[in-house]
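As structure tokens, the structure follows; a few thoughts come after it.
In our numbering, the protein residues as written are -1 to 643.
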């Protein structure tokens, strides 16, 4: 196996990359969410103007209704809230490739992630077969493909994070001089990733843990890394000043919300306390016999503190709840927004999608109990500690806030953890197979059975059509965790227990593969195909000469912003529609349209507004209706229906 992995590993990864690139050229280049539209808008704006400010309503129309979700009013006009990396890479190509440029970039980044995952696995565990196994698990039994064929920049930031981790891991114990070069290179890559996703900085936590524990010169190594980050952070600071009027590179231009530092103070306090403990531990001359007794004492002290101190207890309970919701059961989410809707059959839809927690997407992560609870080999200790730190620190802010990321099939914020989980799974699988004597019967059968559970799930089973997304995988995760625990003890019957756990692992890998390679891309493609089709129908209905104001979903109507004299409004759910702007637009000769919910609100609040013409439908976009003031004359060719009395 090792010889085959060495000889054919790169070719296999290139073949997987070619398939992902082919898929990125084939899937519909539409939008799943307003976020994706805003990324595209940022690139088109930068290509056209060299800046970040775009027009929505021009000089005549001005209202908070025009500042839709994920954009905001900066000092110089409306700007996207997101980091500018996608605009920088998209702008040179968006003119002739359109939004396809983002899909191509993500597919290429996914191929890079596979190569770096193999390199990181080799650096961790020095095993070519394990490294190739990690790549295959990542490519075939996770939701990597769903983001390789997407417009969100998560795959690009994942590549930066993983590359930074690899360079830092190699550099921590490098010779003097080489460690500084490695630290600087890691910082340089992370600075680039910072331009795509601000959460890229979370990788500094596990790198810091490892440096403090193992680096001969941790301060010099850390300073080299920070120096490498300067170019990326400087570009980010310039962009936030240009957009938001602040030099803070971490700013999203808002004073509140989940993207602000204040929301993450509890998580930051936990991280700070952990780093102080590590610094203290470094001053102790360790003896192996101390390890478990000291860890037990620390766990007992933390438990007593949590029970005795109300703030500590609340933090612990909040973290535990968020951890289970985001890894075990998304149907328990307490998100109060209208788009998060529970169903009578036990399913919960997130803006129309049966979104999965991490363990519902990847029930095989139950194997992590087997990996970490078995006695650690001395040569594996450093890698295990790094992986534990990465899993704990990266997930901490999301678990603490139960922050699931909104619309989507999977936990997109946890995407950078997939390579580490795949490496650990390959390590656990190697040990499990060895404990089973190299024989786990009927592995292909169990794998196929797991996939069949997803692909053949009947509407008559629990959860109806989406039960295979949010109900069955939770039971599979719990079962995998139980089998992993049973396989840990090295006592009589260990071989049989390992064989049973191996069969369960095969079934869970099959479940994950069916979701990651079939169901998730299928749902995403259906959504993506919907917006271009709706755009074409909407464009035909509205024509291209009249000034237009439309209240409707941005992923369907946002393309109108490329038209002079067009405006798209989507007010926040807690705010009433701005009637003054509507009257201004009507008086100025705009054709004004509302999708159904907005139309009903306006007609109910202002009886001077009447419906005119037919109700239009375009694809799956919400139906939309033209309106007019009763006291204004209107002679339009498209007015063919009965007027309101």
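The beta-carbon is built from N, C-alpha and C at its ideal position, and this holds for glycine as well.
Each of 35, 469, 149, 205 was checked against the Cα of residue 344, and the nearest Cα belongs to 469. Membership of residue 614 in the beta strand (DSSP E) is indicated by the continuous run 607 to 614. Under the 10 Å beta carbon count, residue 358 is surrounded by 16 or more other beta carbons and is classified as buried.
As computed with DSSP, residue 623 is found in a beta bridge with 592, 613.
Annotated three-state conformation of residue 490 is coil, per DSSP. Separation of residue 503 and residue 448 (C-alpha to C-alpha, rounded to the nearest whole angstrom) is 10 Å. Here the alpha carbons of residue 194 and residue 124 stand approximately 31 Å from one another. Exclusion of the five residues before and after residue 35 leaves 29, 552, 553, 556 as the residues of its chain whose Cβ lies within less than 8 Å of its Cβ.
Taking a cut-off of 8 Å for Cβ pairs, the segment 385 to 401 and the segment 334 to 354 do not touch, as fewer than three such pairs fall below it.
Rounded to the nearest whole angstrom, the C-alpha separation of residue 319 and residue 563 is 49 Å.
Annotation note: the segment 78 to 166 contains the following uninterrupted alpha helix (DSSP H) runs of length 4 or greater, listed N- to C-terminal: 83 to 95, 98 to 123, 126 to 138, 142 to 146.
Per DSSP, residue 549 lies in no alpha helix (DSSP H); the unbroken beta strand (DSSP E) holding it starts and ends at 546 to 549.
Excluding sequence positions up to five before and after residue 244, its CB lies within less than 7 Å of the CB of 238, all in the same chain and listed in chain order. The residue among 598, 413, 624 with its C-alpha nearest the C-alpha of residue 200 is 413.
With fewer than 16 other Cβ atoms inside 10 Å of its own Cβ, residue 375 counts as exposed. Around the beta carbon of residue 315, fewer than 16 other beta carbons sit within 10 angstroms, so the residue counts as exposed. Selection 6, 71, 379 evaluated against residue 422 yields 379 as nearest (Cα-Cα).
Judged by beta-carbon spacing, residue 192 lies beyond the 9 Å limit of residue 133, meaning their Cβ atoms are not closer than that value. The beta carbons of residue 240 and residue 49 sit about 7 Å from each other, so the pair counts as a contact at 8 Å. Cβ-Cβ distances below 6 Å link residue 161 to 114, 187 in the same chain, with the five nearest sequence neighbours on each side left out; the list follows chain order. For residue 184, the secondary structure class from DSSP, reduced to helix, strand or coil, is helix.
Per DSSP, residue 438 lies in no beta strand (DSSP E) and is assigned neither H nor E.
Within its own chain, the residues whose Cβ lies closer than 6 Å to the Cβ of residue 547, once the five positions on either side in sequence are excluded, are 565, 583, 588, 590, listed in chain order. Secondary structure note for residue 426: its alpha helix (DSSP H) is the uninterrupted segment 416 to 433.
Annotation: residue 552 is outside any beta strand (DSSP E); the continuous alpha helix (DSSP H) that includes it extends over 552 to 555. Residue 335 counts as exposed, since fewer than 16 other beta carbons sit within 10 angstroms of its beta carbon. When 433, 481, 52, 513 are compared, the shortest CA-CA separation from residue 355 is found for 513. In the same chain as residue 321, and ignoring 5 residues on each side of it, the C-beta atoms closer than 8 Å to its own belong to 393, 397, in chain order. Nearest C-alpha to residue 145 among 111, 119, 118: 111. Looking at the DSSP output, residue 76 sits in a beta bridge with 52, 71.
Looking at the DSSP output, residue 346 sits in a beta bridge with 340.
For residue 585, no beta strand (DSSP E) run applies; the uninterrupted alpha helix (DSSP H) run containing it begins and ends at 577 to 585, by DSSP. One thing to note: residue 92 has its Cβ no nearer than 9 Å to the Cβ of residue 168. Rounded to whole angstroms, the separation of the alpha carbons of residue 624 and residue 612 is 8 Å. Contact check for residue 443 against residue 471 fails: the beta carbons are separated by 9 Å or more. Residue 75 is a Cβ neighbour of residue 51, given a cutoff of 9 Å.
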